[in-house]
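Report on the structure given below.
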Amino acid sequence: MVKLNSESSLTYPARFANNQREVMLNGEAFFQVSKDVSRPFLASTTFQHIKVLGTTFNIKAYSYETKVVTTLVEGKVEVREIIKRKSGEMERCGNEEEQAVQLVPGLQYVYEKKSGTGEVKEVDVNKYISWKEGVYYFESERLEDIMNNLSRWYGVNVMFRSDNLKELVLSGRLRRDETPDNLIKTIDNLESVEIIKSDNLIIIR
């Protein structure tokens, strides 16, 4: 079972190969994968391959965001990075045993696209899959990432007048069945931040 978040797409063949099941994700998705030792499941993004035998996990990999986040709920997964050669072609990193990051339930792997580095963290996984129930938690997240979620959920356009404002860090919660006005008001009350809202456009300056 796969559930996609807003502005997400999943590409897969009409028929899986005999030795593995592979899909390509752009965006965010929650997976519940049936165990099949003879045909492991492989979820790929532009920057990673996530290999599983049977498990429940969440991947957030929007092409325009700065991070790829893999959160494990049940089972076990292996995350392998993809590196880009000078020719522009993509390849998996070196020796799989040396490069693979193994996650157990309750762990999350955060990959920073710009630096090419990753970090394993212990998290409350429920906060990272709550979007399925229409709730968005954000803990110490960049304002740009928060506003990207706002844009996806409510169909609004967001414009930043300064790149520095994108790096502001906030924590909070937002329900999809509520208007974003309270969150916008909270951001507007921050020192040195002003928000102008007009129809479907939000300007942060």
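Last residue of the sequence shown: 205 in the UniProt record's numbering, with the numbers rising by one and none dropped.
Note that CB positions come from ideal geometry on N, CA and C, so glycine has one too.
Which partner residues of Arg173 appear in the DSSP bridge assignment?
-> Tyr137
Following the continuous alpha helix (DSSP H) through Arg152, name the residue where it begins and the one where it ends.
-> Leu143 to Tyr154
May I ask which residues mark the beginning and end of the alpha helix (DSSP H) holding Tyr128?
-> Val125 to Ile129
Report yes or no: do the stretch 162-171 and the stretch 128-136 share at least 3 C-beta pairs separated by less than 8 Å?
-> no
Return the CA-CA distance between Ala61 and Ser9, expressed in angstroms with no decimal places.
-> Between Ala61 and Ser9, the C-alpha separation is close to 11 Å.
Any idea what DSSP makes of Leu10, helix, strand or coil?
-> strand
Secondary structure of Leu168, DSSP reduced to three states | Under the three-state reduction of DSSP, Leu168 is assigned to coil, being neither helix nor strand.
Straight-line Cα distance separating Ala29 from Asp36 = 20 Å
Whole-number beta carbon distance between Leu103 and Val68, since they are thought to touch under 8 Å | The C-beta distance from Val68 to Leu103 rounds to 13 Å, too long to meet the 8 Å contact threshold.
Near Lys3, what residues of its chain come up, given a Cβ to Cβ distance below 7 Å and the 5 sequence neighbours on each side ignored?
-> Ala29, Phe30 and Lys132
Got a sec, what are the start and stop residues for the alpha helix (DSSP H) Leu183 sits in?
-> Asp181 to Asp188
May I ask which residues mark the beginning and end of the beta strand (DSSP E) holding Asn19?
-> Asn19 -> no beta strand (DSSP E), and no H or E assigned at all.
Inspect the CB distances between the stretch 138-158 and the stretch 51-60 and report whether three or more fall short of 8 Å.
-> No contact exists between the stretch 138-158 and the stretch 51-60.
Closest by CA to Ser6, which one among Tyr12, Ala17 and Leu25?
-> Leu25
Glu191 classed as buried or exposed, judged by whether at least 16 other C-beta atoms fall within 10 angstroms | exposed
Using the Cα positions of Arg161 and Gln108, report the straight-line distance between them to the nearest angstrom.
-> 32 Å
Do Val158 and Ile196 have their C-beta atoms closer together than 8 Å?
-> no
Three-state secondary structure (DSSP) at Lys3?
-> strand
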